[in-house]
Every structure is written in C-alpha cells, then in structure tokens.
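Enquirer: So the sequence shown is numbered by our numbering: it starts at 348 and just counts up by one. Every residue, glycine too, gets a C-beta built ideally from N, C-alpha and C. None of the values given here were measured: they were computed from a predicted structure. Questions regarding the structure given below will be posed in turn.
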Amino acid sequence: MRDFTSDIIKKIKPSGIRKFFDIANRIEDCISLGVGEPDFETPWHITEEGIYSLEQGKTFYTSNQGLLELREEISKWNKRKYHLDYNPNDIIVTCGGSEAIDIALRSCINPGDEVIILEPNYVCYVPCVILAGGIVKTIKLKSENDFKLTKKELEETITSKTKILLLNYPNNPTGAIMTADDLEEIRSVIIKHDLLVISDEIYSELTYTCKHISIGSLAEMKNRTITINGFSKTFSMTGWRLGYVMGPPEIMTQMKKIHQFVIMCSPTVSQYAGLEALKNGDSDIDYMRKEYDKRRKYLIKEFKNLGIDCFEPKGAFYIFPDIRKFKLDSETFATKLLEKEHVVVVPGNAFGENGEGFIRISYAYSLDTLKEAVKRIKRYLDSLNCE
C-alpha cells in the first residue's frame, strides 16, 4: 500500500515545546516552566457568564464571524486600548490566536511568496507559512539590540518576492517589545516596499515598562496590517480557545471563507464569556499584570545572582537566559536539567536556529513555584561547574 501522507507535513518537526511538556507529565514532583499558560483561573465573573449562556440554552452556531455584540465590543476595546479603529464587519472571532495566524497566512500567500519571520519566533509561524505555500525568510534578532527588529535588518532582507512581514511584539519567547519610535523606524521600509504586516499581539496587555503600541495604529499602516489578538493570555482563558483577527475588508472577506469552511464559528459559550471579559475585565488584567511583574523582577534578580546573562523582558511572561557559557547546546542543557532536577524549560532552538544557546522560562507560575525552581536550577548549575 502506498504512503498516503503528505511530503510537506512529514518535513515539519513536531513542536519542541510539547515534547518537554509530555516528558514532564511522566515525572513525579516535576516543576514545569515550559508552557505559556497563565496559572490564574479564569476570573469567576467570566466563567459565570459562560455557565449562564449554557443555562439559557445558547448552544447553537453563531454567525461565522462571531456574535455581532462581541465583535462590536472587540472594536470598542481596540479603539480604547490601542487606537485601532475597525468596523465590526472587519473582525473575525477565531478559535484562539493560532487559527487567526493560519487563516491570515493562507488568505494572503501565493506559491513562492516570501514571508519574513523574526528569529527566535513562536513555533507555529514557520510551519504555517510552509503549509500555505510560502517561503520563509528569517531575520536573526540580536540580544544586544534587545531582540528588536531594526530598519537596517529589514531593508537587507527584503527581495522582489517579499510580501509579508510577520511581527510578534510583545515577543514570545524573548519578552521583547517595540516602542512607538522603534515601529516608526521600520514603518518607512514597510511602505517603501509595499509589504503586508501580520502582527501577532496576543501579549499586548502584558507590558511592564510602557504601554503597548499596535503597528496598525501608525500613519498609513491600517490598510496594510492584519492585527491578531485574543483572550488566552489577557484574561487567562487558554482553554476557552477564543481569539480574533482584524484587517482590511478585502482580506477579511477571503479569511472569512477559510474560517467558515474549516471552523464554522468559535465556541458559542466562549464567545459569551469573552463578551463579559471585555466589558468588565479591566481590573482582572491589572491584577494579573502586577503579579507577573513581581515574578519577572524576581527571576531577573535571581538569574543575575546565578551569574547568567539574561536580557530583561519588558513584555509577555517569559525570560530568555543565555546559557552559552556552559558549553552545552540548549537541548542538552534542558534535557539534563529535567533529568537531574525535574525542572522543565524549553530549549531555545525550539524557536528557530537563532534561539540556540538560550532557554525559555515561563513565569506564568506562582512565586513559590519559581523559588523552588530557582533552587533546583542552582543545584544543577553547581553540578555543571563540578564536571
């Protein structure tokens, strides 16, 4: 019998994040700092609204694009928070940010189109570009530049085939952000070369030193930007699988077709919960952001005490320590840490070749958990120094 599987998918590696997560599930007393999932429960008033929708029998399909009331609230939210002005008809409610990334790329890529991706990068970007028939062009971000994209780097990477720039700020895995001045620098290059920007802003509410700036709010950028966001990180709603995407009408029309054929609509119960989150969830965000900031500051201090260079993250909930001084590749370092001290971190090469020599640690966990993890990491480092 012939092989019925796709040659394309066979060449794509499984997620490096899930590999370590699966191993951790088989080890007792394991501390997992690997998965980017808030440890807070979904705020009760949001969960209660979801329960109430079920009690009211609201268990049917919604509009393909999502509840109109929810899209109207998303429009108001983004105008209030990020100065983005989108008509509800130009918004699609998706099954998390991941679906939004997928359908955005599939709606815009023709075979052979180049998509610029910044390394290190979130694990789904490269596979989604390949599956859509695009060609990946990478820019290797530098820690000495605070993992920001520079005008020079972008200009040098663009070719006649380049069509899309995929941005992710606040960034996963580094925690880097781009300020208004940083974005203005690259804006001129984007316009000069007539590029489309797909901006994954799922961590937009998790910034600690300044407010998030959305590139679509800058002059002449709205009509060449697809903005992706969601509820998972902002409201601790990962399992509800609720995101959204906003963009130019002509692109959204095509994205809607893929969404309606593949997904139909996002879960109805999640949409009603999301509506409550946007209407009454500001205080929840403030509380969680302050807690994350305490954890962020704690880990920065502790890794400095351990003698490990670590870029100071200003967004998301990750740190990205530089472990090159230990002369181990990132996967070996992470594997030995798991085996010896039962602590899960993600090797930097899971986020592309440019992540080699780093590890990603999530601080979406309690301070007590982080303190115990730091004790174990110190023991592990001491054992390396003895070898």
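1) Our contact map puts residue 647 next to residue 666 with C-beta atoms below 8 Å; I'd like the distance itself, whole angstroms only.
2) Would you identify the three-state DSSP class for residue 674, choosing helix, strand or coil?
3) Take residue 549 as the anchor and find which of 446, 685 and 355 has the nearest alpha-carbon.
4) Which residues mark the beginning and the end of the beta strand (DSSP E) in which residue 547 is found?
5) If I follow the unbroken alpha helix (DSSP H) through residue 358, where does it start and stop?
6) Among 451, 492 and 393, whose alpha-carbon lies nearest the alpha-carbon of residue 573?
7) Check the DSSP bridge columns for residue 466 and list the partner residues they point to.
8) If we count the other Cβ atoms within 10 Å of its Cβ and call it buried at 16 or more, is residue 654 buried or exposed?
9) Going by the CB atoms, is the gap between residue 580 and residue 385 shorter than 8 Å?
10) For the alpha helix (DSSP H) containing residue 454, list its first residue and its last residue.
11) Assuming residue 462 and residue 502 make a contact with CB atoms under 8 Å, what is their CB distance in whole Å?
12) Can you tell me the Cα-Cα spacing of residue 406 and residue 688, whole angstroms?
13) In angstroms, rounded to a whole number, what distance separates the CA positions of residue 697 and residue 519?
14) Let's see if you can read the secondary structure: which residues bound the alpha helix (DSSP H) around residue 573?
15) Between which residues of its own chain and residue 638 is the CB-CB distance below 6 Å, once the five residues before and five after are set aside?
16) Excluding the 5 residues flanking residue 596 on each side, which residues of the same chain have their C-beta closer than 6 Å to its C-beta?
17) If I'm right that residue 699 touches residue 677 with Cβ under 8 Å, what's the distance once you round it to whole angstroms?
18) Mind checking residue 570: buried by the 16 CB within 10 Å criterion, or exposed?
19) Relative to the C-alpha of residue 410, which residue among 608, 372 and 521 is closest?
20) Identify, in the order they occur along the chain, each residue of the same chain with its Cβ nearer than 6 Å to the Cβ of residue 684, setting aside the five sequence neighbours on each side.
21) For residue 593, which beta-bridge partners are listed by DSSP?
22) List the endpoints of the continuous beta strand (DSSP E) containing residue 510.
23) Contact check, residue 441 vs residue 613 under 8 Å by CB: the rounded distance?
24) Can you tell me whether DSSP reads residue 643 as helix, strand or coil?
25) Grab me the residues of residue 481's own chain with a C-beta within less than 6 Å of its C-beta, minus the 5 sequence neighbours each way, in chain order.
26) Would you call the region 515-531 and the region 412-419 touching, i.e. three or more CB-CB distances under 8 Å?
27) Less than 8 Å between the CB atoms is what I'm expecting for residue 530 and residue 505, so what's the real figure, rounded?
28) Which residue spans inside the region 364-438 form an unbroken alpha helix (DSSP H) run of at least 4?
29) Would you please state the rounded distance, in angstroms, between the beta carbons of residue 554 and residue 524? I believe it to be under 8 Å.
30) Would you call residue 578 buried or exposed, if buried means 16 or more other Cβ atoms sit within 10 Å of its Cβ?
31) Thinking C-beta only, is residue 716 closer than 8 Å to residue 378?
32) Near residue 533, what residues of its chain come up, given a Cβ to Cβ distance below 7 Å and the 5 sequence neighbours on each side ignored?
Expert: Concretely, from the data shown:
1) 7 Å
2) coil
3) 446
4) 543-547
5) In this chain, residue 358 is not harboured by any alpha helix (DSSP H), its DSSP state being neither H nor E.
6) Answer by Cα proximity: 451.
7) 487
8) exposed
9) Against a cut-off of 8 Å, the Cβ pair of residue 580 and residue 385 comes out as a contact.
10) Going by DSSP, residue 454 is part of the alpha helix (DSSP H) stretching over 443-455.
11) In fact, because the Cβ distance is near 17 Å, the residues do not count as touching under 8 Å.
12) 46 Å
13) 12 Å
14) Residue 573 -> not in any alpha helix (DSSP H); beta strand (DSSP E) instead, spanning 572-577.
15) none
16) 437
17) The C-beta distance from residue 699 to residue 677 rounds to 11 Å, too long to fall under 8 Å, and the pair is not in contact.
18) exposed
19) Of all alpha-carbon atoms in 608, 372 and 521, the one lying nearest the alpha-carbon of residue 410 is that of 608.
20) Taken in chain order, the residues that qualify are 690 and 727.
21) 438 and 574
22) Where residue 510 is concerned, the enclosing beta strand (DSSP E) stretches over 509-514.
23) Taking the Cβ atoms as the reference, residue 441 lies roughly 6 Å from residue 613, within the contact range of under 8 Å.
24) helix
25) 456, 460 and 462
26) no
27) Not confirmed; about 17 Å, so no contact.
28) 391-402 and 415-429
29) 6 Å
30) The C-beta of residue 578 has 16 or more other C-beta atoms within 10 Å across all chains shown, which makes the residue buried.
31) A distance below 8 Å separates the beta carbons of residue 378 and residue 716.
32) 496, 498 and 501
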